[in-house]
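A.B. asks: Before anything else, here's the structure in question.
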Amino acid sequence: MTTNPDFYRTLQVSKTFKVSSGLDVTSIVTQLVDFIEKNISMDGFSVRILLPRGDEDDSLARKWGASLRSGLLLALKRREIRSNLREVRYVHDEYHYGWILIEPNPVNGL
7 MTTNPDFYRT LQVSKTFKVS SGLDVTSIVT QLVDFIEKNI SMDGFSVRIL
57 LPRGDEDDSL ARKWGASLRS GLLLALKRRE IRSNLREVRY VHDEYHYGWI
107 LIEPNPVNGL
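Taking the numbering used here, the leading residue of the sequence shown gets 7, the next gets one more, and so forth.
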């Protein structure tokens, strides 16, 4: 995987989820797990999660990201979904952190 953030900013993804409050985390985890369950076998599967960025938002983004990650792992385990997802975290833009979950493809080396 590359370390160039522009690559991740412009990467075409299957779906983008945007977290704007702590209340969104649970519903996004549910939507994300449903989406993964239905589409994980799709070639080029990837999703982007955007978290708020800014002086006041940084600690919230960390907390929400940790909650989202732990909720996602637990939900995948409960539904017995086996995935080979890789994750990349990056600065998406001035107002968002980006988090990409991608199913690696042996052809493209991800």
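All residues carry an ideal CB built from backbone N, CA and C; glycine is no exception.
1) Pick out whichever of Glu-43, Gly-77, Leu-17, Leu-66 has its Cα sitting closest to the Cα of Ser-33.
2) Can you tell me the Cα-Cα spacing of Leu-57 and Asp-99, whole angstroms?
3) Under 6 angstroms Cβ to Cβ from Ala-67, same chain only, skipping five residues before and after it: list those, please.
4) Among the residues of its own chain, which have a CB less than 7 angstroms from the CB of Asn-45, if the five just before and after it don't count?
5) For Val-31, count the other beta carbons within 10 Å of its own beta carbon; 16 or more makes it buried, fewer makes it exposed. Which is it?
6) Could you spell out where the alpha helix (DSSP H) holding Ile-34 opens and where it closes?
C.D. replies: With the structure as the only source:
1) Taking only the C-alpha atoms, the option nearest Ser-33 is Gly-77.
2) 10 angstroms
3) Hits under 6 angstroms: Leu-57, Pro-58, Tyr-103.
4) Ser-20, Phe-51
5) buried
6) 30 to 45
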